[in-house]
Amino acid sequence: MKPEKNVEQLKFEGSCYCGSCQFICEGKPLFRIICHCSICTRISGGIAVAFVGFENDDLKVIKGLEHLRGFKSSERMERFHCEKCSSNVYNQSLLANRLFRDTPLMNFQRDDQENILQLDQLKPDSHMFFNQCQKCYSEMFKTDDLIKFSSMPGSTIIPNQQKY
Ligand SMILES: [Zn+2]
Ligand SMILES: [Zn+2]
Numbered sequence: 001m002k003p004e005k006n007v008e009q010l011k012f013e014g015s016c017y018c019g020s021c022q023f024i025c026e027g028k029p030l031f032r033i034i035c036h037c038s039i040c041t042r043i044s045g046g047i048a049v050a051f052v053g054f055e056n057d058d059l060k061v062i063k064g065l066e067h068l069r070g071f072k073s074s075e076r077m078e079r080f081h082c083e084k085c086s087s088n089v090y091n092q093s094l095l096a097n098r099l100f101r102d103t104p105l106m107n108f109q110r111d112d113q114e115n116i117l118q119l120d121q122l123k124p125d126s127h128m129f130f131n132q133c134q135k136c137y138s139e140m141f142k143t144d145d146l147i148k149f150s151s152m153p154g155s156t157i158i159p160n161q162q163k164y
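Number 132 in full-length UniProt numbering belongs to position 132 of the sequence shown; there are no gaps in the numbering.
Here is the structure:
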């Protein structure tokens with residue numbers, strides 16, 4: 001039997017850029033992390049990608065399943081994107097002992113000023129694969145107070161620099 005969830009059930013909504021694919025996430029995020037790995041940054045073209053992870057069953061696509069296209073970027077992960085706008089909708093972990101789904105933070109619902117709703121519950125608390133962060137970008141992050149794992153979460157932590 002699953003432990004009882006909080007009285008106030010957490011619920012987050014999100015979609016791809018064009019809105020063809022929509023999802024809901026219920027429950028507390030498993031992780032909120034900025035990934036600097038070469039796969040995420042090359043596929044997205046971004047400096048890094050912030051992800052929010054959920055238990056498999058807690059992230060559900062509620063619209064546009066037929067528009068999702070998968071790409072197995074490694075033995076560990078299959079990435080699903082919208083065939084219309086190319087947004088990364090969610091990623092499926094393929095590790096039998098660690099099943100989860102994650103989705104880019106940027107997919108979550110925003111207000112009309114482009115501020116992500118419920119940001120306090122979704123914003124990143126750590127970085128991963130910081131050893132793959134390009135030098136021109138790592139400067140930007142080195143004085144933030146987030147945990148910086150050199151590779152996977154649980155790996156060696158790269159110390160933050162003092163603000164000066
Ligand atoms: Zn789309
Ligand atoms: Zn990555």
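By construction, the Cβ of each residue, glycine as well, lies at the ideal position given by its N, Cα and C atoms.
Best match in the options for proximity to residue i [C-alpha to C-alpha]
| i | options | result |
| --- | --- | --- |
| I24 | S38, Q109, C136, C18 | Q109 |
| K123 | N131, N97, S15, R32 | R32 |
| F54 | C37, Q118, S38, R98 | R98 |
| D144 | C133, I157, S126, N131 | S126 |
| Q22 | Q162, P104, A96 | P104 |
Buried versus exposed call for residue i [16 or more other C-beta atoms within 10 Å across all chains shown]
| i | result |
| --- | --- |
| D102 | buried |
| P159 | exposed |
| N115 | exposed |
| L59 | buried |
| T41 | buried |
| M140 | exposed |
| F71 | exposed |
| N56 | exposed |
| K148 | buried |
| C136 | exposed |
| I62 | exposed |
Contact test: residue i Cβ vs ligand 2 heavy atom, cutoff 7 Å
| i | result |
| --- | --- |
| F129 | yes |
| I24 | no |
| I39 | yes |
| C133 | no |
| C136 | no |
Distance cut-off 7 Å: residue i Cβ against heavy atoms of ligand 1
| i | result |
| --- | --- |
| Y17 | yes |
| S87 | yes |
| K84 | yes |
| S20 | yes |
Min CB distance residue i to chain C below 8 Å
| i | result |
| --- | --- |
| F108 | No chain C is part of this structure, which consists of one protein chain only. |
For the segment 147-160 against the segment 50-66, do three or more pairs of beta-carbon atoms, one drawn from each stretch, fall closer than 8 Å, so that the two count as touching?
With the rule of 3 Cβ pairs closer than 8 Å, the segment 147-160 does not count as touching the segment 50-66.
Do the segment 12-24 and the segment 70-88 meet, that is, are 3 or more Cβ pairs less than 8 Å apart?
yes
Any chance you could list the alpha helix (DSSP H) runs of at least 4 consecutive residues sitting entirely within the UniProt domain "CENP-V/GFA" (12-131), in chain order?
Restricting attention to alpha helix (DSSP H) runs no shorter than 4 residues, the UniProt domain "CENP-V/GFA" (12-131) encloses them at 38-44, 119-122, ordered along the chain.
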